[in-house]
Amino acid sequence: MPTNPYAWIEQSLTTIHKADWYRSVQTLQSRPGAVVRLEGREVINFASNDYLGLAGDERLMQAAIAATQKYGTGSTGSRLLSGHRELHGELENAIASLKQTEDAIVFSSGYLANLGTIAALVGKRDLILADQYNHSSLKNGAILSGAVVVDYAHADIEDLKIKLAQHRQQHRRCLIATDTVFSMDGDLCPLPEILELAEEFSCMVLVDEAHATGVLGATGAGCVEYFGCTGRAIIQVGTLSKALGSLGGYVAGSATLIDFMRNRAPSWIYTTALSPADTAAALAAIEIVQQEPERRTQLQRNVDILKQLIAQRLPHLKLLPSESPILCLSLANAADSLKVGQELKSAGIFAPAIRPPTVPTSRIRLSVMSTHELAHLEKLVDVLSAIAI
Ligand code: PMP
Numbered sequence: 069m070p071t072n073p074y075a076w077i078e079q080s081l082t083t084i085h086k087a088d089w090y091r092s093v094q095t096l097q098s099r100p101g102a103v104v105r106l107e108g109r110e111v112i113n114f115a116s117n118d119y120l121g122l123a124g125d126e127r128l129m130q131a132a133i134a135a136t137q138k139y140g141t142g143s144t145g146s147r148l149l150s151g152h153r154e155l156h157g158e159l160e161n162a163i164a165s166l167k168q169t170e171d172a173i174v175f176s177s178g179y180l181a182n183l184g185t186i187a188a189l190v191g192k193r194d195l196i197l198a199d200q201y202n203h204s205s206l207k208n209g210a211i212l213s214g215a216v217v218v219d220y221a222h223a224d225i226e227d228l229k230i231k232l233a234q235h236r237q238q239h240r241r242c243l244i245a246t247d248t249v250f251s252m253d254g255d256l257c258p259l260p261e262i263l264e265l266a267e268e269f270s271c272m273v274l275v276d277e278a279h280a281t282g283v284l285g286a287t288g289a290g291c292v293e294y295f296g297c298t299g300r301a302i303i304q305v306g307t308l309s310k311a312l313g314s315l316g317g318y319v320a321g322s323a324t325l326i327d328f329m330r331n332r333a334p335s336w337i338y339t340t341a342l343s344p345a346d347t348a349a350a351l352a353a354i355e356i357v358q359q360e361p362e363r364r365t366q367l368q369r370n371v372d373i374l375k376q377l378i379a380q381r382l383p384h385l386k387l388l389p390s391e392s393p394i395l396c397l398s399l400a401n402a403a404d405s406l407k408v409g410q411e412l413k414s415a416g417i418f419a420p421a422i423r424p425p426t427v428p429t430s431r432i433r434l435s436v437m438s439t440h441e442l443a444h445l446e447k448l449v450d451v452l453s454a455i456a457i
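Its first residue numbered 69, the sequence shown is counted upward by one per residue in the numbering used here.
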């Protein structure tokens, strides 16, 4: 008797349910912002990556509308065929100017930027040294490249050195790849030390600035700027979808690197160019990041206030170490984090439970925005203090 070749899918879902690992979408019914409408109710939003509150900014929306009226909705082809518009070049120049690099290239998402860049830079004869907590796009880019991948312990420079000493010599090229702000923890990679090791062992360095761009550094250029490493030989990947409030990804670096990407990154060459609306919105966002540093100052102020409130009023709760607007409350297990997430939601706070397999230990992830008001932060702490954790 032939068996149903798809039956395993349902069994697998049952296992996912049993482990409290099941996930499903929640519908947001308003513009993005510090307060949003979620499934019929107004909630304070600690769940978005819209750190500067730009995704709902009138100027980005107007830029997207104007670009759509001028160029239409779709870009109709890949950049090397019919997809390239003047706007793409303007955005790439703006990213290069923000990052103070020679050039930049825009991808259709940050995920695609990491896949394409890593696959273009290294292959079978090469080595990737990767932080164990790297984002999925870095991990899958590493797999796609066919290079030998060796993980080092999270942000552990000693372990990176040991692994370089063990493996580097057996390979042609070596790429050290790391998030700068770790998206599910909020801590930073030890960039200056990584760059030192990269010099010693002749390695390229790729950093994912997804959660740092627009947020960290005096001009909002990111973690590279925050650590005073602007101008160093670094491959900077990032997204236009978090602090920049749009959609798309980028790589910034030397002119040679970017020229090489245009010729060798499959996820740029063989995919449709970023839409005119997304491109124009990101361009408007970069202008705001450069002209309104007070947004970053306010964001940092909000982070400091929330950390202080949590330390004072919730001393029994453990906050994971963080130097970014991502603050994580550590919880014992997936069931507890689901319960707290649910109770927060019932009380009008939107903050997701993050569980394995996304992270090794369960937590509630709080994303602070520059547009949160003091009352929002206080309400969050009031609600948390009323939940039995
Ligand atoms: N890198 C990191 C660290 C991220 O958090 C994300 C988004 N979750 C990405 C890359 C992918 O970016 P995008 O959403 O633009 O595909």
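Positions of the beta carbon are idealized from the N, C-alpha and C atoms, including for glycine. Since the model is a prediction, treat every value here as computed from it, not as a measurement.
Sequence-distant Cβ neighbours of Asp224 in its own chain, meaning closer than 6 Å and more than five residues away, do not exist here. Every candidate alpha helix (DSSP H) stretch fails here, since none sits fully inside the region 106 to 133 while reaching 4 residues.
Tyr318 places its beta carbon less than 7 Å from that of Val174. Using a cutoff of 6 Å, the CB of Ser430 does not count as near the ligand PMP, since none of the ligand's heavy atoms is closer than that.
Boundaries of the alpha helix (DSSP H) harbouring Ile211: Ser204 to Ser213, taken from the DSSP string. Uninterrupted beta strand (DSSP E) stretches at least 3 residues long and entirely within the region 351 to 396 do not occur. Contact annotation: Arg433 and Pro424 have beta-carbon atoms that are not nearer than 7 Å. Residue state for Leu284 is assigned as coil, using DSSP reduced to three classes. About 5 Å separates the beta carbons of Ser430 and Ala402, which is inside the 8 Å limit, making them a contact pair. The continuous beta strand (DSSP E) containing Val217 extends over residues Val216 to Tyr220. Bounds of any alpha helix (DSSP H) do not take in Val174; it lies within the beta strand (DSSP E) bounded by Asp171 to Phe175. Taken atom to atom, the span from the alpha-carbon of Leu159 to that of Asp404 is near 44 Å.
Look at Leu96 here: in three-state DSSP terms it is strand. Within 6 Å of the C-beta of Tyr294 there is not a single heavy atom belonging to the ligand PMP. The beta carbon of Gly299 lies closer than 7 Å to those of Gln168 in the same chain, with the five residues before and after it left out.
By the criterion of at least three beta-carbon pairs nearer than 8 Å, the region 146 to 165 is in contact with the region 349 to 359. The criterion of a C-beta distance shorter than 7 Å is satisfied by Ala323 and Asp171. In this structure, Glu277 sits near Gln304, with a CB-CB distance shorter than 7 Å.
In the displayed model, Thr324 falls within a helix according to three-state DSSP. Not one heavy atom of the ligand PMP lies closer than 6 Å to the C-beta of Thr248. Look at the beta carbons and you see the region 377 to 385 not touching the region 133 to 143: under three pairs across the two are nearer than 8 Å. Collapsing the DSSP output to three states places Ile196 in a strand. A distance below 7 Å separates the beta carbons of Val218 and Leu197. Cys242 carries a strand assignment under DSSP once its states are collapsed to helix, strand and coil. Secondary structure within the region 410 to 454: the alpha helix (DSSP H) runs of 4 or more consecutive residues, fully enclosed, are 442 to 454 (chain order). Secondary structure note for Ile303: its beta strand (DSSP E) is the uninterrupted segment Ile303 to Thr307.
The continuous beta strand (DSSP E) containing Val273 extends over residues Met272 to Asp276. The beta-bridge partner set that DSSP reports for Asp247 consists of Asp276.
A contact is defined here as three or more CB-CB pairs under 8 Å, and the region 120 to 130 meets this definition with respect to the region 86 to 106. Look at Gly151 here: in three-state DSSP terms it is helix. For Gly184, the enclosing alpha helix (DSSP H) has its first and last residue at Gly178 to Leu189. The C-beta of Asp247 has 16 or more other C-beta atoms within 10 Å across all chains shown, which makes the residue buried. When C-beta atoms of the region 267 to 276 are compared with those of the region 184 to 199, three or more pairs fall below 8 Å, so the two segments count as touching. In the structure shown, Tyr74 adopts coil according to DSSP, grouped into three states.
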